[in-house]
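Since the structure comes first, as structure tokens, the remarks are kept for the end.
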Amino acid sequence: MPPTSGLMLVDNLCWLDQPLQRDLVGDKAFYLGLLRQHPVVPGFVIAAPQLQKFLLRINWPDQRLADLPDASLYVNANQPRQLQGLAQQIRRAILATSLPESLLNDLQQAVAQWSHQESQPAVIFRASLALPAGLDPALSVRTQSLFEPQVCYGDAESLAQGLKQAWAELFRAKSLLYWQQYGIQLPQIRLAVLVQPLWASLAAGTLKIAGNQIEVQAVWGLGQTLELGEADCYKGDLQQGWQPQTVGQKHYVYELRPVAAPVATTAALVRGAANLAGEAWPPEHQAYLALRYLDPARQRQPVLSSEQLQTLASLAQQAQSQLKMPLLLDWLLTSEAAGFHLTQVMPQLGAALHLKASEPLAQVLPPPSSSARLSGLAAAPGRAVAVAWVIDPAALEADWATALEGMPEGAILVTAALTPEQIIRLRQVSGFVTEQGGMTSHAAILARELRIPAVVGVEQARAQIKTGDWLAMDGDLGELYRSSLPFVELPTHWSPQPHLQPASLLLSHPTQTQLWVSLSQLDHLAEAAAAPVQGVGLLRSELMLLDLFGQQHPEVWLQQPAAKLVEQIAERVNQFAAAFAPRPVFYRALDLRAQEFAADAHQLHLLPHLSPYLSPQSMLGVRGAFRMQLHPALLQIELAALKQVQQDSANLSLLLPFVRTVEEFSFCRAQVEQAGLLQADFQIWIMAEVPSVLFLLPDYAAAGLQGIAIGVNDLTQLLLGVDRDQPQMAAAFNPGHPAVRRAIQQLIQTAQSLKLPCSICGQSFRQQPDLLQALLDWQITAVSVDPAELDWVAAAMRQAQSWQD
């Protein structure tokens, strides 16, 4: 068995053991690459842009196709002959066009690494799709059946034909019709191709894992034997053990045909025997695989022993723990000594969690009644299916450990309200449901960054949901389904159709606007730093430091020695600055909103001089730059920490929050100057969120301001007089209101006239896609988005940029 390749990157290919960019390599390769530290069959990816480049090489006989890959094809489902004719024409042209010589050379050299003992390796080409962000994430899994894998040997002719056949699968008649019915245009489908050696194997199969629930299918020989429908089936629970196995009646087995005995001389593929609109390819099923009759003694013999099952289950458990989601794995066993290897991994959305082994795996919830459906505000995207755990907020505040005692890992927490400090300590849950709170609260923002689905503002949630109920929640739609029985399939009313279609967001003008990310947590820092972003537009300090606050108010935490606080803040900030260097990182100084950092009676006793500022009843409270003037010690500690970071990183800048007046800004700027931070690469910006900035921006510039970041959430609530944390006012909190739009446009245009850079943050562009178009038209300097929206916004901005290129 050849070893896995070392780190290698050429112009046309990238290996699985490299960090991979999801939109270039597709979901199948991306998820497999994330498990590269586990036993994974090696491979490389022909990235999606290669297909686009190849289509431009084709001399199309029909001018309707001349604009591929950028053209959108309309097919008439009522005229099947026309549809088949179009599909046939495209696929014939693809197969008749030669590959670029550089691509073919790279492909052949990469496959040659798997050769041993002068024999050519058998390789398999699999489609790896990257679909438009914002669509149902399970779609890339469900559509795999549209793309037949291709098998061939490692000679140049076979490899070229295999790759072209893999690409041509996109243009089958059934594929063209499917994408049209789903409302997705061909230019939006990014088809990468995963290439792996096809190893001879003793056994192969699939494994589904969701929480503790596990299901394995196993056959002798290669995985293609699964198609014969004779697999062994093993079901069980990681804690409670395996159920009695079902042994399949296995008569035949697929094995690799020896290289020296090919059946055909053409470079046809095992899966290339499909029909081109009535014109069949040579039936080459026997070209690379041999279907053999299984020895009678092995036909009723279990494929896997109990020890092998445990080994396989352990590997699956490790994969699920790393990716933090239910999975479908394809595996093979090459020999007893070599052990198991993974060949494919895909997320399984909507799978049941924590299903007991004694409970029937085929249990399907009946269509939910209206009483079983609850709705609220979509606070953090994602779906979760798990047991509900209902907690009284008073119990949560009184004794955290007791309130959470017995809560199973992966449960959905239901309570009245949650603070950011509480959320940071609840990362083991699958989702949050609260009766209070708004979509733009810091708790919702934190849930989005931690990728924990959240629905807030659900009236009487604790009265309608009981601990032990099963919930299916959709954080994109703000919907919940409740049942007393476990889910194995999603409720039938939970439609798989996309509710947000970036496919319809066709940005009409090219843009030079930069894409930044808004962060606060270290959990996904490496992934965010590897994303195609130009910097961190908003580093939320108060959320970044939550775990350092512990269970005490930040003002209590600040009673520690200043040197210790400086060290703690600097250590945390330095990780973000180093990860993104040399890209800019904008640190927003602490903005301690009273309603999110309320002090209890004991803490108020410790800090009597601060009691007027710690009331959670006030919508605004004493916050931002005004608070810095009243109590400058906190700002001075932060600036000392930034100065320490500045010694190692020159990419750090400062954002001042909630600045009301030029005098407040001037005070803070003087503090920055005293701290010795005013260097060439260090800039001082303000959050443009108090409406007075609309009239004072020239005065701010004269006072030394170097840029603004428009804070949409506070700007909206102050312009419209809406408390953004009150779910009852959700309909009135409208960032798309004409008053808000005109204010944003005025800020951008005024900043441009003053030659000040201007960014925007705090806005969900998935909910206001037309605002993104407007911002690009207004030529804003940068948009800073939460990690959950990066893929969606990046895809839209790339599309706009592609027209300029």
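Numbering (my numbering), first residue to last: 99 to 903.
Heads up, the beta-carbon is just placed ideally off N, CA and C, and yes, glycines get one too.
Rounded separation between residue i and residue j - CA only
i       : j       : result
Ala-266 : Tyr-579 : 41 Å
Val-249 : Pro-342 : 36 Å
Ala-552 : Gly-529 : 6 Å
Thr-304 : Tyr-332 : 11 Å
Gly-141 : Ser-412 : 23 Å
Gln-619 : Val-527 : 17 Å
His-540 : Gln-278 : 39 Å
Phe-613 : Gln-745 : Checking the displayed sequence, the identity of residue 613 turns out to be Leu instead of Phe. So the two alpha carbons sit approximately 27 Å from each other.
Leu-794 : Asn-811 : 20 Å
Pro-117 : Ala-627 : 11 Å
Glu-382 : Gln-119 : Low confidence applies to Glu-382: its pLDDT is 39, below 50, so where it sits in the model is not reliable, and the reading given next is rough at best. Distance between the alpha carbons of Glu-382 and Gln-119: 35 Å.
Val-664 : Leu-733 : 11 Å
Ser-200 : Glu-625 : 31 Å
Ala-839 : Ser-473 : For the record, residue 839 in the displayed sequence is Arg; it is not Ala. Between Arg-839 and Ser-473, the C-alpha separation is close to 28 Å.
Thr-500 : Thr-513 : 15 Å
Val-345 : Trp-318 : 12 Å
Ile-521 : Arg-546 : 11 Å
Ala-629 : Gly-131 : 15 Å
Ala-799 : Lys-853 : 9 Å
Val-891 : Arg-390 : 51 Å
Leu-257 : Tyr-251 : 7 Å
Gly-321 : Met-895 : 40 Å
Glu-405 : Leu-261 : 39 Å
Ala-366 : Glu-434 : For Ala-366, the pLDDT reaches just 35, beneath the cut-off of 50, and the residue's location in the model is therefore unreliable, leaving the point undetermined.
Neighbourhood of residue i by C-beta distance below 7 Å, restricted to the same chain and skipping five residues each side
i       : result
Glu-887 : Ser-862, Phe-863 and Arg-864
Val-770 : Leu-737, Leu-752, Leu-776 and Ile-782
Gln-866 : Pro-833 and Gly-834
Pro-796 : Leu-852
Ala-830 : Leu-818 and Val-820
Asp-903 : Its pLDDT being 45, under 50, Asp-903 is placed unreliably by the model, and nothing is read from it.
Same chain only: Cβ atoms within 6 Å of residue i, ignoring 5 sequence neighbours per side
i       : result
Pro-137 : His-439
Thr-363 : For Thr-363, the predicted model reports a pLDDT of 34, less than 50, meaning its position is unreliable; a value from the coordinates is still stated below. So no residue of the chain qualifies.
Leu-813 : Glu-787
Residue i and residue j closer than 8 Å at C-beta
i       : j       : result
Ser-299 : Leu-114 : no
Val-488 : Lys-564 : yes
Leu-193 : Gln-263 : yes
Leu-641 : Leu-544 : yes
Leu-623 : Gln-673 : yes
Leu-229 : Ile-282 : yes
Ala-687 : Ser-764 : no
Gly-722 : Pro-682 : no
Ala-301 : Leu-402 : yes
Leu-308 : Gln-446 : Rather than Leu, the amino acid found at residue 308 in this sequence is Ala. The answer is yes: Cβ separation under 8 Å.
Arg-288 : Asp-121 : yes
Leu-111 : Ile-144 : yes
Gly-536 : Arg-822 : yes
Limits of the unbroken alpha helix (DSSP H) element including residue i
i       : result
His-540 : 540-547
Phe-678 : 660-678
Gln-420 : 404-421
Pro-147 : 147-155
Asp-868 : 867-875
Arg-396 : 394-397
Gly-555 : Per DSSP, Gly-555 belongs to no alpha helix (DSSP H) and is neither H nor E.
Residue i - containing beta strand (DSSP E), residue span
i       : result
Gln-248 : 248-251
Lys-564 : Segment: none, Lys-564 is in no beta strand (DSSP E) and carries neither H nor E.
Ala-807 : 805-809
Ser-882 : 880-883
Lys-333 : 330-335
Leu-118 : Per DSSP, Leu-118 belongs to no beta strand (DSSP E) and is neither H nor E.
Close Cβ partners of residue i (< 8 Å) along its chain, the five nearest in sequence each way excluded
i       : result
Leu-133 : Ala-417, Gln-420, Leu-421, Leu-440 and Val-443
Gln-843 : Ala-872 and Trp-876
Ile-510 : Ala-482, Ala-484, Val-485, Ala-486, Trp-487, Val-527, Ser-528, Gly-529, Phe-530, Val-531, Leu-569 and Met-571
Ala-676 : Asp-746 and Ser-747
Inset, instruction - Take every Cβ of the stretch 421-437, pair it with every Cβ of the stretch 332-352, and state whether three or more of those distances are shorter than 8 Å. - result: no
Inset, instruction - Report yes or no: do the stretch 309-325 and the stretch 282-293 share at least 3 C-beta pairs separated by less than 8 Å? - result: no
Legend entry - the stretch 181-197 contacting the stretch 257-272, beta-carbon criterion three pairs below 8 Å: Touching, per the Cβ criterion.
Inset, instruction - Please determine if the stretch 768-786 and the stretch 737-757 are in contact, where contact requires at least 3 C-beta pairs separated by less than 8 Å. - result: yes
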